[in-house]
Structures are given as structure tokens and as C-alpha cells.
Amino acid sequence: MRKKIIAGNWKMYKTNEEARQLVSALKSNIQVIKKTRVIICPPATALSEVALLLTGTPIALGAQNIHWEKEGAFTGEISAGMIKSVGAAYVILGHSERRQYFGETDEKVRQKILAAQGQGLTPIVCIGETLEQREKGITREIVATQIDQGLSGLTAAQVSRLIFAYEPVWAIGTGKNATPAQAQEVHEFIRGRLTSLYDQATAQAITIQYGGSVKPANALELLKQADIDGALVGGACLQADSFLEIIKAAESCS
Ligand code: PEP
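Position in the sequence shown (from 1) plus 17 gives the number in my numbering.
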């Protein structure tokens, strides 16, 4: 059985002082975490400090983005090796906000996957359709293209070291989540696509998280779906109480 993975994407929120407060509140309730893999992804400025605060806890650390090159003249960018050196083990790649506001393409996501894995980081690869694409009935085509191009040239061994996050863009930060049935349908499609690109054992072993307005009130029903292996949480991870409730939902269906 696949282990549930709950990741919190802090986006561009939390100064270091606020980060300390949130981590401290999570640590006070650390007993909630039993079987679930919990990852928090603070802004780059807080990674070092949060890494130290998480020492000895079961909470893992992730970053929200990396550059695809190892190093170089890329002002303002951060490499996989740099985030690894401050204690991150995961990195979110291809988030829809990066695709939408920073022009991140599937090809760039593919290069970033290679850069991340080259440093031993586990990428959390985000895919998902916009509202317009869903209304046109092309969700499957969009997700299939993101998978095919984002993973182009990757071996089954490389793909088995990825986490996917299906995040319908229309559900991110909008309060409108996909229904459990809508999410399950796309998750099943993603696993099917991975089966045809690779093999059944690889596809069955891969974690596919759902993301898009996951809250304590809807987490359990989403996480109970056969192909939903966890959640990538934005807004609700910014307060310890709501993030812990989502972790509890994952624990109850592990
Ligand atoms: C996200 O940032 O990946 C996300 C899903 O955000 P939210 O939970 O706020 O919709």
C-alpha cells in the first residue's frame, strides 16, 4: 500500500519569525504524525532555519523551486545543490503559479527534474488543467501532454523516484476543490498513462497527491479515493491547526 504524503506549500508567506512560530506549533503536536510522510516547503529564505528546527522530527523539508543548471550566472536563482546543502530533501516543480507567472514549460520541468534527482532530491511534479481546458473537455489531453513532455527521456527508475501532484488550476487558492470523484478520475487516468509509458509496477508504486483547496473539511473524502495518495496543501498549511487536521485525515485512512 502506498504511504500517504501530505506536503505544505507555504508559497511567498512567512518571515523567519513567522516560520519559527508555525514550526513550533507543528512540533507541539508532533504525536499526530504516525504513518504519514509530512513535508513542509517554506520560502527559500527560511529553509536553513526550518531545517535546524525540524532536526529530530519526522517532518521533512522541501523547497518550492530550483534552477535547472548546477550553477552559473543566473541572478536571483537557486540550484538543487544549494537547497540540498541546507537540508531540503524535496522540491516542488512545475507548480501552476510558476507555469502561469514565470513561463515554466514542460521542458523546463523535465530539466529541473533531472537537476533535482542529480542531487538526490525528490521532485513533487505538479500537473493540472485550467478552468477553460476543463470546460472544453480536454483535461486528459492536457495532463497527458504534461506527463509525456515533462518525463520525456526519463527511465522507469527515475520516474519511480518522483511524486506527482494533480492540481487542477481552477481549484488552487479559489476555495473550489475538485469533488473526490472528479479528482479520482484524473488520478486514475494519470496512473494509467504512467502504466502505458512505463509499466504497471512503476505506476502502482508512484505517489499521486491531490492539490487544490484541500481543507480539513474535504481532506478525508479526497484522501479515501483509491488513487489519491496524499495532498499538496497551500492555504490550509499556513496555520498549524488546519494543517494538522489534514494530517489527521491522512492518518485515519492509512
Ligand atoms: C498549492 O499551492 O499547491 C495549492 C493547492 O494551494 P491551495 O491549497 O491554497 O489551493
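Using N, Cα and C, we set each Cβ at its ideal position, and we do this for glycine too. Owing to the predicted nature of the structure, the values given are computational and were not obtained by experimental measurement.
For residue i, which residues of its own chain have a beta-carbon under 8 Å away from its beta-carbon, when the five flanking residues on both sides are left out?
i	result
residue 127	166, 167, 168, 169, 170 and 171
residue 31	39, 59, 60, 63 and 255
residue 192	230
residue 28	60, 81, 114 and 251
residue 49	261, 264, 265 and 268
residue 87	96, 97, 98, 132 and 135
Whose CA, out of the options, lies closest to the CA of residue i?
i	options	result
residue 100	116, 92 and 65	65
residue 42	254, 217 and 178	254
residue 24	269, 252 and 38	252
residue 179	220, 28 and 50	220
residue 248	67, 159, 134 and 197	197
residue 75	123, 22, 111 and 115	22
residue 208	268, 111, 109 and 176	176
residue 142	73, 227 and 222	227
residue 145	34, 132 and 164	164
residue 125	72, 217, 257 and 84	84
residue 107	68, 92 and 116	68
residue 33	56, 95, 50 and 70	70
residue 105	78, 116, 117 and 238	78
residue 26	57, 35, 152 and 37	57
residue 148	189, 122 and 116	189
residue 199	109, 154 and 36	154
residue 232	210, 261 and 242	261
residue 112	187, 90, 205 and 210	187
residue 195	242, 222, 161 and 159	242
residue 161	117, 152, 110 and 206	206
Let's test the definition: count the other Cβ atoms within 10 Å of the Cβ of residue i and tell me whether it reaches 16, buried, or not, exposed.
i	result
residue 47	exposed
residue 119	exposed
residue 97	buried
residue 139	buried
residue 201	buried
residue 59	buried
residue 185	buried
residue 129	buried
residue 259	buried
residue 181	buried
residue 234	exposed
residue 240	buried
residue 132	buried
residue 121	buried
residue 36	buried
Grab me the residues of residue i's own chain with a C-beta within less than 6 Å of its C-beta, minus the 5 sequence neighbours each way, in chain order.
i	result
residue 236	263 and 266
residue 136	97, 98 and 101
residue 212	220
residue 203	183
residue 238	197
residue 123	163, 166 and 167
Would you list the one or two residues that DSSP bridges to residue i?
i	result
residue 77	56
residue 24	56 and 249
residue 103	Residue 103 is not bridged to any residue.
residue 108	80 and 140
Which same chain residues, not among the five before or five after residue i, have their C-beta less than 7 Å away from its C-beta?
i	result
residue 246	19, 21, 22, 224, 225 and 226
residue 156	146, 150 and 203
residue 52	20, 268 and 271
residue 173	215, 216 and 219
| query | Can you list, in chain order, the stretches of the alpha helix (DSSP H) that have 4 or more residues and sit fully within the region 115–189? | reply | For the region 115–189, the full-length alpha helix (DSSP H) segments reaching 4 residues or more read 123–135, 148–152, 156–167 and 173–176 along the chain.
| said: Could you tell me which whole alpha helix (DSSP H) segments of length 4 or greater appear in the region 185–269? | reply: Counting only runs of 4 or more residues that sit fully inside the region 185–269, the alpha helix (DSSP H) segments are 197–214, 217–222, 233–240 and 257–269, in chain order.
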